[in-house]
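K.L.:
First the structure, which I've put down as structure tokens, then a few questions once you've had a look.
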Amino acid sequence: MGRVAELGCIVCLNLRLGRSPAEVHHARCFAGGGQRSTDFHTIPLCPLHHRLGGAGVALHAGRQTFARNFGTEPELLLQVLRILGFDIEPEQLARPDLGALLYCKKEAA
């Protein structure tokens, strides 16, 4: 998760606002009800885009509006993993063994 946070907020990067300190958001779309997703399903978001920005800005203030404005969790996660150097396809994101898959891909490279 440290490498993810070091990227800075993915939304700020996409908006060309520069690198901003990030919190790590666990993408809910890959977790069961009431469960947190794995540490491999994480997206770096600044406090404003994560939880403080209010409706239309913060993910936790409204997922649908956030997705329309900045991208869905799977889209942002895929972007983050590709920035980190992983060659991964969108359909692989939901795998419960994503961590093992990423490790194997990194070892093979």
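Take the sequence shown: its position 30, counting from 1, is numbered 40 in the numbering used here, and each next residue is one higher. C-beta: ideal position from N, C-alpha, C; glycine also.
If you count every other CB in all the chains shown that lies within 10 Å of the CB of Pro106, and 16 or more means buried, which is it?
P.N.:
exposed
K.L.:
State the Cα-Cα distance for the pair Gly18 and Ile53, rounded to the nearest angstrom.
P.N.:
As the crow flies, the alpha-carbon of Gly18 is around 10 Å from that of Ile53.
K.L.:
If you follow the beta strand (DSSP E) that Thr52 is part of, which residue opens it and which one closes it?
P.N.:
52-55
K.L.:
Which residue wins for smallest C-alpha separation from Arg38, given the options Val67, Arg92, His60, Asn24?
P.N.:
Checked all of Val67, Arg92, His60, Asn24; the closest Cα to Arg38 is His60.
K.L.:
Cβ of Phe80 within 8 Å of Cβ of Val21?
P.N.:
yes
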